[in-house]
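What follows is one structure encoded as structure tokens, with my remarks underneath.
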Amino acid sequence: MAKQKYSGIGGQAILEGIMMKNGEYYACAVRREDKSIAVDRQRYVSLTDRYPLFRLPFVRGVFSFADSMILGMRALNWSAEIYAEGEEEEEEPSKFERFLEKVFGEKAMKVMMGVIMALSFLAAIGIFMLLPMFLAGLLRRVLANETLIAVLEGVFRILIFILYIKAISRMEDIHRTFMYHGAEHKCINCVEHGLPLTVENVMKSSKEHKRCGTSFILIVMMISILFFIVIRPETLLLRAVSRILLMPVIAGVSYEFLRFTGTHDSAFVNALSRPGMWMQGLTTTEPTPEMAEVAIQAVEAVFDWREYLRKNFDAAFPETETNA
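If you read the sequence shown in the working numbering, its first letter stands for residue 9, the second for the next number, and so on.
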């Protein structure tokens, strides 16, 4: 297989489908109940493209994360609509949903999604940042070494994340989402290693990718250990505040690390990426060929892979070639 070359494509798994992004355009492809594939292509100008200041190194990581959250919610909302097609009965709106509709009217759904995002973010801070800090703090009664306590806090953070992923992966919908996550990676790896985008080539490509969000999370956890070895507030309150306030800084540093490893291919870089690739074993599962078909349609809606292969791998294709 040819050496990997950066394509600029990124994506994520959604409900029964995949979202792929390239430049200012993204496309969602979802498998309908009747086995047909629905595709939706939209334009999204990222915060880093709209504001030059947000493109500065160590700053762009925070806003790239915000972009991925916004785009991810849009893609999930659309996939949920397609997923719900054909249902005979609609669920009765909850009291909270009726309240939002009364107050915000047509914007109720956007408001509700914003509330869900905010609550999810707060829950993530509590579970993955503050809980490990609290658990490590309990060890101060028997350990006097602050460096060791900082390392143990990081270990607790990683263990909690692993247990969380293991728990949710038992849910059927989440398991299928992890399969689509694998299809997304395989599709990008297929193109970036110079192979024509066919189901056969996608299926034999790797389901791990160096630019994956799971790798980013692990990098954040590892780099946070280094930060908190150096930064040692005296009180519990100051330690909690430091974990929250330093999150953008840690995310910015982690993004630069992931960006470097994701756009370079060498033995050294691949070694640096290996822990993140191992962690992806938790969030990616081997997909079916039908899932690979969905991934291919999402890519083709936003990316001319034939032209990419011609320019980067000197590949040639007959005019009548198809992806079947």
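Built from N, CA and C at the ideal position, the CB exists for glycine as well.
Only residues of its own chain outside the window of five on either side were considered, and among them A37, I45 and V47 have a CB closer than 6 Å to the CB of Q305, listed in chain order. With contacts defined by Cβ atoms closer than 8 Å, V199 and Y14 do not form a contacting pair. Of the other Cβ atoms in all chains shown, 16 or more fall within 10 Å of the Cβ of L205; this residue is therefore buried. The three-state secondary structure of R251, taken from DSSP, is helix. DSSP places I26 inside the beta strand (DSSP E), whose first and last residues are G25 to N30.
Excluding its 5 nearest sequence neighbours in each direction, M285 has C-beta neighbours in its own chain below 6 Å: E216, listed in chain order. Here the segment 257-264 makes contact with the segment 231-238; the two share three or more CB pairs at distances below 8 Å. Just measuring C-alpha positions, the residue of G145, E308 and F265 sitting nearest L160 is G145. Rounded to whole angstroms, the Cβ separation of I133 and I252 is 6 Å, and the two are in contact under 8 Å. Our two residues, L61 and K43, have alpha carbons roughly 45 Å apart in a direct line. Note on F66: under 16 other CB atoms within 10 angstroms of its CB, so exposed under the neighbour-count rule. Two segments are said to touch when three or more pairs of C-beta atoms, one from each, lie closer than 8 Å; by this definition the segment 187-201 touches the segment 289-309. In the structure shown, I22 falls within a strand segment according to DSSP collapsed to helix, strand and coil. Residue nearest to R247 within the set L139, G80 and K110 is L139 (criterion: CA-CA distance). C-alpha of K118 to C-alpha of N85: approximately 10 Å in a straight line.
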